[in-house]
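Engineer: In the working numbering, the protein residues as written are 914 to 1015.
1) Between residue 943 and residue 952, how many whole angstroms is the CB-CB distance? I'm expecting something under 8 Å.
2) So residue 990 is in the alpha helix (DSSP H); what residue range does that whole segment cover?
3) Over the uninterrupted alpha helix (DSSP H) stretch that includes residue 937, give me the two end residues.
4) Is residue 901 helix, strand or coil by DSSP?
5) Roughly how many whole angstroms lie between the Cα atoms of residue 961 and residue 929?
6) Count the other C-beta atoms from every protein chain shown that fall within 10 angstroms of the C-beta of residue 993, then say buried if there are 16 or more, exposed otherwise.
7) Quick test of your reading: residue 946 and residue 976, contact by CB under 8 Å. State the CB separation rounded to the nearest angstrom.
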């Protein structure tokens, strides 16, 4: 139920691999790079040095996916802001970069 040597999970039970939900939350923390080195160090103490590779793979893939999602959301917003509105819309137009360059 608890971590091997300490008999309680770090950070008041928030960071652990004891349950599925705690594991998902811990993996989210590692993916967002928030105190990942503390989680990695504590996992190394319990399981061994080879657990570092799990964290390296998770950080490279997970952070890359999160960064791509952020860039995609920003580009979609920029694309919708740059589109020409319909002629019968009463919505004020944003500055048109394409016409200003001509």
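Built from N, CA and C at the ideal position, the CB exists for glycine as well.
Structural biologist: Concretely, from the data shown:
1) Taking the first residue of the chain shown as 1, we reach residue 943 at position 30. Taking the first residue of the chain shown as 1, we reach residue 952 at position 39. Rounded, the Cβ-Cβ distance is 6 Å, consistent with contact.
2) Here residue 990 refers to the residue found at position 77 when the chain shown is read from its first residue. Here the alpha helix (DSSP H) through residue 990 covers 965-995.
3) Within the chain shown, the letter at position 24 stands for residue 937. It spans 933-944 - the alpha helix (DSSP H) in which residue 937 sits, taken as one unbroken run.
4) Because residue 901 is not part of the residues shown, which for the chain are 914 to 1015, the question remains open.
5) For the purposes of this step, residue 961 is identified with residue 48 of the chain shown, where counting begins at 1. For the purposes of this step, residue 929 is identified with residue 16 of the chain shown, where counting begins at 1. Near 16 Å, if we compare the C-alpha coordinates of residue 929 and residue 961.
6) Taking the first residue of the chain shown as position 1, residue 993 is located at position 80. Residue 993 is exposed by the Cβ-count criterion.
7) Position 33 of the chain shown, counting from 1, holds the residue named residue 946. Position 63 of the chain shown, counting from 1, holds the residue named residue 976. Yes, residue 946 and residue 976 are in contact; Cβ-Cβ is about 6 Å, under 8 Å.
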